[in-house]
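Novice:
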Amino acid sequence: MPRAIFFRLRIFEAARSGGDWELIAETNNVNINTARSWLRRYPKTSDVLHTRPRGGKRQPKMTADGVACLLSEFRLTLRQLADKLDTQFSISVCPQTIKNHLDGNPITMKLFHKEPQYMNTDVNKLKRRGYLILFVVVLQ
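Residue 145 in the working numbering sits at position 105 of the sequence shown, and the numbers go up by one each step.
#1: With 16 other CB atoms within 10 Å as the buried threshold, where does residue 45 fall?
#2: For residue 80 and residue 52, what's the separation of their Cα atoms in angstroms?
#3: Cα separation between residue 78 and residue 64?
#4: Closest to residue 106 by CA distance: which of 56, 139 and 93 is it?
#5: For residue 41, which of helix, strand or coil comes out of DSSP?
#6: With residue 115 and residue 135 assumed to form a contact (beta carbons below 8 Å), what rounded beta-carbon distance in angstroms separates them?
#7: Less than 7 Å between C-beta atoms, sequence neighbours within five positions excluded: which residues of the same chain meet that for residue 141?
#8: Which residue marks the beginning of the alpha helix (DSSP H) containing residue 165, and which one marks its end?
#9: Go to residue 135, then tell me how far its alpha helix (DSSP H) extends in each direction, as first and last residue.
#10: Consult DSSP for residue 74 and reduce its assignment to one of helix, strand or coil.
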């Protein structure tokens, strides 16, 4: 067992049993702040033996639920999508990240076009006819 782990275990046993862990840290030439950070970092004594891996790839922010939410809301802008992710899923991302996640997914922007009832009424046809007659007269 390496000396550092041995010192940690002695400090943990003293802290858990209510002993003077600061005195043990001083006698083993361990800084008090270092010992205090060990006690905060490892809530259980068994955690000392299994240190966390260092480095590597961090966990991605975007989850499958977040991407599904983005794909379901195709009418919103990237900034609005970022705000929605922040409020609903507590995922704070920039619009560029959203664009990167949407790039590989097929998104259809085509919507059903509803014709208003007044679009091609007789009154509107007469107005357009009158406008075109004036337009042709001005061009000549």
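Beta carbons are placed, not taken as given, at the ideal position from N, Cα and C, and that holds for glycine.
Specialist: In terms of the structure at hand:
#1: For the purposes of this step, residue 45 is identified with residue 5 of the sequence shown, where counting begins at 1. Exposed, since its Cβ has fewer than 16 Cβ neighbours within 10 Å.
#2: For the purposes of this step, residue 80 is taken as residue 40 along the sequence shown, with counting starting at 1. For the purposes of this step, residue 52 is taken as residue 12 along the sequence shown, with counting starting at 1. Each residue's Cα considered, the two are about 11 Å apart.
#3: The count along the sequence shown starts at 1 and reaches residue 78 at position 38. The count along the sequence shown starts at 1 and reaches residue 64 at position 24. So the two alpha carbons sit approximately 14 Å from each other.
#4: The sequence position of residue 106 within the sequence shown is 66, counting from 1. Nearest option by C-alpha distance: 139.
#5: On the sequence shown, residue 41 is found 1 positions in, with the first residue counted as 1. The pLDDT assigned to residue 41 is 45, lower than 50, so where the model puts this residue is not dependable; a value taken from the coordinates is nonetheless given after this. DSSP places residue 41 in coil when its eight states are reduced to three.
#6: To locate residue 115, count along the sequence shown from 1; it is residue 75. To locate residue 135, count along the sequence shown from 1; it is residue 95. With a Cβ gap of about 15 Å, residue 115 and residue 135 do not count as contacting.
#7: If you number the sequence shown from 1, residue 141 lands on position 101. Correct list, in chain order: 102, 107 and 110.
#8: Start at 1 with the first residue of the sequence shown, and residue 165 comes out as number 125. Looking at the DSSP string, the run of the alpha helix (DSSP H) that includes residue 165 is 162-179.
#9: Within the sequence shown, residue 135 is the residue found at index 95, counting from 1. 135-142 is the span of the alpha helix (DSSP H), which, as asked, contains residue 135.
#10: Position 34 of the sequence shown, counted from the first residue, corresponds to residue 74. Correct three-state label for residue 74: helix.
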